[in-house]
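This report refers to the structure that appears directly beneath it.
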Amino acid sequence: MLLIDDEADNASINVAKGAGEASKINGQIRSLLRIFDRSTYIGYTATPFANIFIDPDSEHEMVGDDLFPRDFIVSLDPPDNYFGARKVFIDEADRIIRHIDNQDAVLPLGHKKGHPIGGLPDTLVEAIRAFVLARAIRLVRGQLKRHNSMLVNVSRFTDVQASVRNEVHAVLNRMRASIRVNGALPPDQAIRDPEIAAMLDVFEAEYEGCGVTWQDVLVRLHDSIGPINVVAVNSASPGTLDYEGHEEGLNVIAVGGFSLSRGLTLEGLVVSYFLRNSMMSDTLMQMGRWFGYRPGYEDLCRIWMPREAEGWYAHVTESIEELREELRRMEAAGATPAEFGLKVRSHPDTLIVTARNKMGTSQPFPVSIGLANRFIETWLLSRAPADLDANRKTAVRFAQALRDLGHPPESGVETARGWLVMGVPVEAVTDFLGAFRNHPESLVTESEPVRRYIGERAHDELEKWDVFFAGIGEARADRNTLRDASLGVPIRCQRRADAGGAPAALRIEKSRVSSRGVEQAGLDGGEIAAAKEKHAGPNYPDPIFRAVRKRPLLVIHLLAIGDKDDDLSGAKPVVAWSISFPPTGREEKTITYMVNTTWFREHYSDEAEEEAAGDE
């Protein structure tokens, strides 16, 4: 028997609370496999985190071994024309992503089941206009009889979804009335209508470079908006997305929640409006139904989401890419997942996944992490003035300690992006980490576990360090740039936005402090060339440089926190750090963090489980 399990990270995972027990579907699959003398189980999923975390040694007397992929894992690389996570959240994020701000008055993130809806956030109205315009542009391009979809995922509650659906329908009708009455007028007269003028504003902001003119679009607005329907998609409204039954093309704005989040394909998805707060890796990626193929209209696709959500998606995207790299290494080594499993399962960012199967336990549990060939950084910082000031002083003391040890930053190598000091003794690094005030919720950068890990290798692999004081080049600096000399070297501070969130936490936007390419610091030309030669893609991600490192790299960041156009020249810098650990030639040892279920429930609640309880 060959058993193929689609969405294998969902119901098939054993979520039973007790040791040696099996949850219902997991147990039934395992029992079915045991009926046959010869059977093969293949799991298929886009988000394999939970599968990798299955205990390979778990066995049940009645139902047999658990479903850990012990024999092989194959990572399917997407083709160049795939509209995937890397393109959306890293390579072309500025073009595709739009931020949802100031929606709390209408639709707060943490709203309750009976929350009244008395209108729509301005950003959602803007997104609806973008959808109407995108369909009009597709008509101008000759893309007739094509499906066009917009996703609105703002609540897990069916009652709220119904209210939002009604409001979207009302807004669409107002737009439709304006276009029907004034859309056929000459452009200079048509824009006297406030709604058509607003359409023009969105066209100029989003699609002015799409290859068609506003006049071309204006004459197709009536044809575009006419057939668009608004539907709620949830457990109370099955069968509302019948793409096969619309040979002329289905044009729909789909309002929903969990039903839109897993296993449902929205054909011709152009615009997405996503207002959810899950931070579970697999939940995030399954909620994103915008990945796929967009021939002829990829340039029109837009996604509205909160800044913080964009940061988590970018963070998880990079984590998945590093997981893929681990799998390639496993394949090159000729190893099976059962042999290579610890290395695959020890990624720092999988902390946000491990909770899924352990949330039911009442006792704290350890999470072990290996740091070899890893990159960690303090993208979550304390916002308290005392902590920010203490970290500035810690950085100043660190620079002075380097001078005392004969490694003055000012005598290091000045590059276009900062100052590089090589061969720094490990003691200076561990002293800096011990004095730095880490945010208590930033588990991976918690000082003591990281220092213990370094200490175990302080006499060989991690004895000497490269230290890079990061900044930006003069060509990127302007009169609003913060320039700082507190470390004894001139640094033009990197600008980073505050993604918001908890009042006491400073969350760096996109959950990333470092600029791309920073891990080349300390490598010579031959090492950089060798790393690039091994990489097949057009871009050179930082993990390829980390893989050829011989010494660990500590990056000290002085950041100017603010938005793109803010004058930050008089601000105080915020200190953060990053570490790039080289591969290890020794048996990997892990550092252990003790995390309790309360912390996980507060920060990584699994919305899928909540919604399955009857909210939809």
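All residue numbers for the sequence shown refer to the numbering used here, where the first residue is 6 and numbers rise by one. We put the beta carbon where it would ideally sit given N, CA and C, even for glycine.
inquiry  = Which residues does DSSP list as the beta-bridge partners of PRO430?
reply    = As a working mapping, residue 430 is identified with position 425 in the sequence shown. LYS469.
request  = Report the residue ranges of all beta strand (DSSP E) runs contained in full by the stretch 24–104; include only those spanning at least 3 residues, in chain order.
outcome  = 45–49 and 102–104
message = On a Cα-Cα basis, can you pick out the residue from GLU252, ASP247, PRO191 and SER44 that is closest to VAL224?
response = If you number the sequence shown from 1, residue 224 lands on position 219. That would be PRO191, whose Cα lies nearest to the Cα of VAL224.
Candidates GLY48, ALA27, SER28 and ARG35, of which the one nearest GLU12 by Cα = As a working mapping, residue 12 is identified with position 7 in the sequence shown. If we check each option's Cα against that of GLU12, GLY48 comes out closest.
ask   = By a C-beta neighbour count over all protein chains shown, 10 Å radius and 16 as the cutoff for buried, is PRO638 buried or exposed?
value = The displayed coordinates of the chain run from 6 to 621. Any statement about residue 638 would go beyond what the structure contains.
request  = Keeping to the same chain, check which residues put their C-beta closer than 6 Å to that of THR132; ignore five residues upstream and five downstream.
outcome  = Against the sequence shown, residue 132 aligns to sequence position 127. Per the sequence shown, the amino acid found at residue 132 is Ala instead of Thr. Result list for ALA132: VAL276, TYR278 and TRP309, in chain order.
Three-way DSSP call (helix, strand, coil) for MET310 in this model = Reading the sequence shown from its first residue, position 305 is the one you call residue 310. Here MET310 sits in strand by DSSP.
query = Mind checking whether ASP547 and VAL518 have CB atoms under 9 Å apart?
reply = Along the sequence shown, read from residue 1 onward, the residue named residue 547 stands at position 542. Along the sequence shown, read from residue 1 onward, the residue named residue 518 stands at position 513. The answer is no: Cβ separation not under 9 Å.
ask   = Relative to the alpha-carbon of GLY439, which residue among TYR458, ARG422 and ASN31 has its alpha-carbon at the smallest distance?
value = Position 434 of the sequence shown holds residue 439. Nearest option by C-alpha distance: TYR458.
query = Among PHE136, HIS444, ALA16 and ILE496, which has the Cα closest to the Cα of ALA391?
reply = On the sequence shown, position 386 is the one that residue 391 refers to. Considering only alpha carbons, the answer is HIS444.
query = Is the CB-CB distance between TRP384 and ILE513 below 9 Å?
reply = Numbered from its first residue, the sequence shown carries residue 384 at position 379. Numbered from its first residue, the sequence shown carries residue 513 at position 508. Against a cut-off of 9 Å, the Cβ pair of ILE513 and TRP384 comes out as a contact.
request  = Identify, in the order they occur along the chain, each residue of the same chain with its Cβ nearer than 7 Å to the Cβ of GLN220, setting aside the five sequence neighbours on each side.
outcome  = Here the question's residue 220 lines up with position 215 in the sequence shown. Closer than 7 Å at the Cβ level, and outside the excluded window around GLN220, lie PRO192.
ask   = When you compare only the Cα positions, how much space is there between SER229 and PRO199?
value = On the sequence shown, position 224 is the one that residue 229 refers to. On the sequence shown, position 194 is the one that residue 199 refers to. One C-alpha to the other measures close to 19 Å.
query = Do TYR248 and LEU305 come within 9 Å of each other at the CB atom, strictly closer than that value?
reply = Residue 305 sits at position 300 when you count from the first residue of the sequence shown. Residue 248 sits at position 243 when you count from the first residue of the sequence shown. No, they are not a contact pair.
request  = Have a look at ASN234, LEU138 and HIS251 and flag the residue whose alpha-carbon is nearest the alpha-carbon of THR218.
outcome  = Start at 1 with the first residue of the sequence shown, and residue 218 comes out as number 213. Nearest of ASN234, LEU138 and HIS251 to THR218, Cα basis: LEU138.
Spatially closest choice to LEU467 from LEU492, ARG442 and ALA433, by CA coordinates = Sequence index remark: in the sequence shown, residue 467 carries index 462 (1-based). Measuring from the Cα of LEU467, the nearest candidate turns out to be ALA433.
inquiry  = According to DSSP, is GLY460 part of a helix, a strand, or is it coil?
reply    = Residue 460 sits at position 455 when you count from the first residue of the sequence shown. Helix, per DSSP.
query = Among ASP483, HIS320, GLY575 and GLY476, which one has its Cα closest to the Cα of ILE381?
reply = As a first step, residue 381 is located in the sequence shown; it is residue number 376 there, counting from the start. When only C-alpha atoms are compared, the closest one is HIS320.
ask   = Excluding sequence positions up to five away, which residues of its chain have a Cβ less than 6 Å from the Cβ of ASP471?
value = The count along the sequence shown starts at 1 and reaches residue 471 at position 466. Correct list, in chain order: MET427, GLY527, ARG556 and LEU558.
query = So what does DSSP say about ASN19, is it helix, strand or coil?
reply = Along the sequence shown, read from residue 1 onward, the residue named residue 19 stands at position 14. Here ASN19 sits in coil by DSSP.
ask   = Between the Cα of ALA51 and the Cα atoms of PRO61, ASP82 and ASP70, which residue gives the shortest distance?
value = Here residue 51 refers to the residue found at position 46 of the sequence shown. It is ASP82.
ask   = Rounded to a whole number of angstroms, what is the C-alpha to C-alpha distance between PHE296 and ARG75?
value = Taking the sequence shown and counting its residues from 1, the one referred to as residue 296 is at position 291. Taking the sequence shown and counting its residues from 1, the one referred to as residue 75 is at position 70. Rounded to whole angstroms, PHE296 to ARG75 spans 29 Å at the Cα level.
inquiry  = Is the beta carbon of VAL173 closer than 9 Å to that of ILE709?
reply    = Lying outside 6 to 621, the shown extent of the chain, residue 709 is not represented and no answer is given.
task = Could you check if ASN396 is buried or exposed, using at least 16 other CB atoms within 10 Å of its CB as the buried criterion?
result = Locating residue 396 in the sequence shown gives position 391, counting from the first residue. Buried, because 16 or more other Cβ atoms sit within 10 Å of the Cβ of ASN396.
query = Under three-state DSSP, which class holds HIS562?
reply = Numbered from 1 along the sequence shown, position 557 holds the residue referred to as residue 562. Note: HIS562 maps to strand in three-state DSSP.
request  = Determine, using beta carbons only, whether PHE487 and PRO342 come nearer to each other than 9 Å.
outcome  = As a working mapping, residue 487 is identified with position 482 in the sequence shown. As a working mapping, residue 342 is identified with position 337 in the sequence shown. One detail in the question is off: residue 487 reads as Leu in this sequence, not Phe. It is not a contact, given that the beta carbons lie outside the stated cut-off.
query = Taking Cβ to Cβ, would you say GLY188 is nearer than 9 Å to LEU149?
reply = Indexing the sequence shown from 1 puts residue 188 at position 183. Indexing the sequence shown from 1 puts residue 149 at position 144. No, Cβ-Cβ distance for GLY188 and LEU149 is not below 9 Å.
inquiry  = Taking the straight line between their C-alpha atoms, what separation do you get for ILE184 and THR450?
reply    = On the sequence shown, residue 184 is found 179 positions in, with the first residue counted as 1. On the sequence shown, residue 450 is found 445 positions in, with the first residue counted as 1. Distance between the alpha carbons of ILE184 and THR450: 55 Å.
message = For VAL660 and CYS215, I'd like the C-alpha separation in whole angstroms.
response = Residue 660 lies beyond the residue range present for the chain, which begins at 6 and ends at 621; the question has no answer from this structure.
ask   = Taking all protein chains shown into account, do 16 or more other C-beta atoms lie within 10 angstroms of the C-beta of GLN525, making it buried, or fewer, making it exposed?
value = Counting from one through the sequence shown, the residue named residue 525 turns up at place 520. Answer is buried; the Cβ neighbour count reaches 16.
message = Quick check: the Cα distance between GLY32 and ILE9, rounded to an integer number of angstroms?
response = Mapped onto the sequence shown, residue 32 falls at position 27. Mapped onto the sequence shown, residue 9 falls at position 4. In a straight line, the C-alpha of GLY32 is about 16 Å away from that of ILE9.
task = Report the rounded CA-to-CA distance for THR355 versus LEU448, giving the unit in angstroms.
result = Within the sequence shown, the letter at position 350 stands for residue 355. Within the sequence shown, the letter at position 443 stands for residue 448. For THR355, the pLDDT reaches just 44, beneath the cut-off of 50, and the residue's location in the model is therefore unreliable, leaving the point undetermined.
query = Does the distance from the C-beta atom of ALA406 to that of ASP436 stay below 9 Å?
reply = Numbered from 1 along the sequence shown, position 401 holds the residue referred to as residue 406. Numbered from 1 along the sequence shown, position 431 holds the residue referred to as residue 436. Taking 9 Å as the Cβ cut-off, ALA406 and ASP436 qualify as a contacting pair.
ask   = Which of the three DSSP states, helix, strand or coil, is assigned to ASP11?
value = What you label residue 11 is simply residue 6 of the sequence shown in a count that begins at 1. Strand, per DSSP.
query = If you run the structure through DSSP and keep just helix, strand and coil, what is PHE296?
reply = The residue you call residue 296 lines up with position 291 of the sequence shown. In the structure shown, PHE296 sits in coil (DSSP, three-state: anything other than H, G, I, E or B).
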